[in-house]
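Asks:
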Amino acid sequence: MDVGLSTMTRWVKQLRDERQGKIPKAFPITPEQIEIRELKKKIQRIEMENDILKKATALLMSDSLNNSR
């Protein structure tokens, strides 16, 4: 593949930025892209909240079992 170092570096930076949710400056963003980005953030937050609730439930259940002995 005949790709220059600066091009490859730019692509890597762009990919990292996109994975972190940063908006690429060189491309126009459509309303659908905005909605998708917001929904992905919402899903990520809900999954994190769900994980916290699972851990809290497990902790409370273990405390309950220890207190009933």
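Position 64, counted from 1, in the sequence shown is what the UniProt record's numbering calls 64; the numbers after and before it change by one each time, with no gaps.
Built from N, CA and C at the ideal position, the CB exists for glycine as well.
#1: Counting along the chain, where does the alpha helix (DSSP H) carrying Q33 start and finish?
#2: Give the secondary structure of Q20 by DSSP, where H, G and I count as helix, E and B as strand, and everything else as coil.
#3: Rounded to whole angstroms, what is the Cα-Cα separation between I34 and T7?
#4: Going straight from the alpha carbon of S68 to that of I52, what length do you get?
#5: Alpha carbon to alpha carbon, how far is G4 from I23?
#6: Rounded to the nearest angstrom, what separates T57 and E47 at their Cα positions?
#7: In this structure, how does DSSP classify V3 when only helix, strand and coil are distinguished?
Replies: Here's the rundown:
#1: Here the alpha helix (DSSP H) through Q33 covers 31–67.
#2: Coil, per DSSP.
#3: Approximately 27 Å, taken between the alpha carbons.
#4: Roughly 24 Å separates the two Cα atoms.
#5: Taking C-alpha positions only, G4 is separated from I23 by approximately 24 Å.
#6: Put simply, the backbone Cα of T57 is about 15 Å away from that of E47.
#7: Correct three-state label for V3: coil.
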